[in-house]
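Residue numbers (our numbering): 73 to 172.
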């Protein structure tokens with residue numbers, strides 16, 4: 073019986089990314105980059121946010137975020153919901169990008 077190799081890590085495991093605060097910053101940077109790209113394509117997702125397992129403990133404006141940063145195992149960019157026209161605009165933008 074052979075064991076399967078572990079799945080690749082999605083986040084680099086350097087010292088800079090070992091803290092929860094760095095994971096949240098990475099997710100916020102990704103959210104902002106995606107929002108900027110969508111804006112250039114004429115698309116806005118109104119509910120984009122960053123979520124962690126303990127979303128109530130860390131907010132962008134939380135002065136005590138570093139106190140809880142060690143508890144954060146991951147941070148995800150939450151895209152939220154969008155209307156049908158926005159979903160169609162996203163599909164068109166992706167399709168046009170693939171056609172290049």
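Heads up, the beta-carbon is just placed ideally off N, CA and C, and yes, glycines get one too. Predicted model only: the values in this text are computed from it and were never measured.
{"query": "If contacts are defined as beta-carbon pairs under 8 Å, then residue 121 and residue 150 qualify, I think. What distance do you get, rounded to the angstrom?", "result": "5 Å"}
{"query": "Does the Cβ of residue 156 have 16 or more other Cβ atoms within 10 Å, making it buried, or fewer, making it exposed?", "result": "exposed"}
{"query": "Near residue 213, what residues of its chain come up, given a Cβ to Cβ distance below 7 Å and the 5 sequence neighbours on each side ignored?", "result": "In the structure as shown, the chain starts at 73 and stops at 172, and residue 213 therefore has no counterpart that could be examined."}
{"query": "Report yes if the C-beta distance between residue 152 and residue 106 is below 7 Å; otherwise report no.", "result": "no"}
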